[in-house]
Amino acid sequence: MKLWGGRFETGPSEVFERFSNSLHFDRRLLPADVRGSQAFARSLTRAGVLTDVECATLCSAFDSIQTDATADPAFFDGADDEDVHSFVIQKLKQRVGALADKIHTGRSRNEQVSLDTRLWLRDECDRTRELVVALMSALLDLASKYPDAVIPGYTHLRRAQPVLWPHYLLAYFEMLARDYERLGDARRRVNVMPLGSGALAGSGFPHDREAIARDLDFASITANSMDVSADRDFALDYLYAASVVMIHLSRLAEDWILYSSEEFAWMELGDGVTSGSSLMPQKKNPDSLELIRGKSGRVIGALNSLLFTMKGLPMTYNRDMQEDKEPLFEAADQVNGCLEMARIVAESVVLKPSVPFVAAEESWVVATDLAEALARNGTAFHQAHQIVGRLVLESVRHRKRPADWNAETLAAFAQEFTPDIARLLDPREGMKTREIAGGTGPGVVAAALVAARRRLADMK
Ligand code: ARG
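So the sequence shown is residues 2 to 461, counted in the working numbering.
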């Protein structure tokens, strides 16, 4: 059914209908459309447009539409309605007849689509946030399994300085904590009630908009009817927050693809999250992580898609804006799916702590610790840097590892090396000098783990 037509002499062409109909994707908004329409019916009743009896009849018909939509897999079969809003009114008409003609009094699909999308997206923000928290929790568990494990930290993918395994994982915990906040910010801007805005000029009926907001659990009402019809910022906010989540997941995936490779061989991914090869019998491929990395492109693409759609649209609503939904739905599905997958992968990870420890021990990740010790003893840092640089060069030439040096040979190499510095040849020792807030000192990291658990409890 159409919500318009009187002004036209012929109907739309079959091609145009196929081209423009959105029911096949915006049907996902049906529960929101029903809930919003029930609140609208109650508001029309308060405004004196509907009687209490009419309102009750409409609301229970809406309930039955929702029930049937959930129960009947063929509910949408054969529907040729333009969009979900038209479809719901068509179903209403089948149930209550002429009374259905009153539900759209003074209402525009422009405000309705904003309302429905907000109702749907508000739940989606909550869902994404829950999944972020679940992943954060899995990362904390993985950190706590190996509280003392030492790994080489990297810059430029070259061994840089030793860090604790929990310190590394807590870095991702922080990224995800910001994601949780960003999604909360997005939710706050989603959680504003647009109904009563009409097509663009404000409703001609005396709605108590604050009452509608209370009815639908919104925190506040929108302030400008033209803004409502024109605005998709709230969707962009979610898409941006989701894109940053995906960047974090993609980087985590990249790390673990590397760390679980034969070249690094620090960690083993569970059989349940890896795949074999149809040809090479020995393969155990990290497909779950590769797909997370790959799907990040789709979410970032969704953000870009809507940014480009919105750019340059004249005030206020334009049909272009119907193109917001597929990227939005796609992004929410992908980010939620990837968060869940990442959690399962994290639960499956087995670290082999001796491998990264040996990697740290046999490389020169202690060089900074040595240079800083020289500086603490009074050598100017630049000189200290030079001395240790030469020590490394000498060692590389003669294939010496830090453990091949001791207090005497160090002192013989450069008199600035006092005997106490030799202990810093062990990568575990230098970390103890980094008991600074935010550093990898073992005491600070243990406290950070405890604090992270507390923060997580507040997020649930
Ligand atoms: N299906 C449309 C959308 O998603 C609903 C609004 C249509 N409004 C209009 N004036 N054509 O944007």
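Ideal placement from N, C-alpha and C gives every residue a C-beta, glycine not left out.
(request) Say yes only if the C-beta of Ser23 is nearer than 7 Å to one or more non-hydrogen atoms of the ligand ARG, and no if none qualify. (result) yes
(request) Per DSSP, which residues does Leu352 bridge with? Please list them. (result) Met268
(message) Buried or exposed, going by whether 16 or more other CB atoms sit within 10 Å of the CB of Phe41?
(response) buried
(request) Taking the CB atoms as reference points, tell me whether Met227 and Ala214 lie closer together than 8 Å. (result) no
(request) Would you please state the rounded distance, in angstroms, between the beta carbons of Ser261 and Glu269? I believe it to be under 8 Å. (result) 7 Å
(request) Could you tell me whether the Cβ atoms of Leu307 and Arg233 are closer together than 8 Å? (result) yes
(request) Please go through the region 31-99 and give each complete alpha helix (DSSP H) segment of 4 or more residues, from N-terminal end onward. (result) 31-47, 53-72, 85-97
(request) Mind checking which residues open and close the alpha helix (DSSP H) that includes Tyr260? (result) 234-260
(request) Apply the 10 Å Cβ neighbour rule to Pro428 and answer buried if 16 or more other Cβ atoms are within range, or exposed otherwise. (result) buried
(message) Can you list, in chain order, the residues of its chain with a C-beta nearer than 6 Å to that of Arg28? Leave out the 5 residues immediately preceding and following it.
(response) Phe77, Val85
(request) Assign Leu140 to buried or exposed, taking buried as 16 or more other Cβ atoms, counted over all protein chains shown, within 10 Å of its Cβ. (result) buried
(message) For a test of the three-state rule: what should DSSP assign to Asn111, helix, strand or coil?
(response) helix
(message) I need the DSSP call for Ile437, collapsed to helix, strand or coil.
(response) coil
(message) Using 8 Å for Cβ pairs, my map puts Leu136 next to Val350. What's the rounded Cβ distance?
(response) With a Cβ gap of about 13 Å, Leu136 and Val350 do not count as contacting.
(request) Can you grab the Cα-Cα spacing for the pair Met316 / Gln113, in whole Å? (result) 17 Å
(request) Using 10 angstroms around the beta-carbon of Asp405, count the other beta-carbons present and answer buried if the total reaches 16, otherwise exposed. (result) exposed
(message) So the candidates are Asp82, Val346, Ala447, Arg320; which of them puts its Cα closest to the Cα of Gly273?
(response) Val346
(request) Determine the closest residue to Arg299 out of Glu327, Gln323, Ala224, with distance taken between C-alpha atoms. (result) Glu327
(request) Between the Cα of Gln39 and those of Asp459, Leu217, Ala202, spot the shortest distance and give me the residue it belongs to. (result) Leu217
(request) Starting from Gln162, trace the beta strand (DSSP E) both ways and give me its first and last residue. (result) 159-165
(request) In the DSSP assignment, find the unbroken beta strand (DSSP E) run with Gly154 in it and report its ends. (result) 151-156
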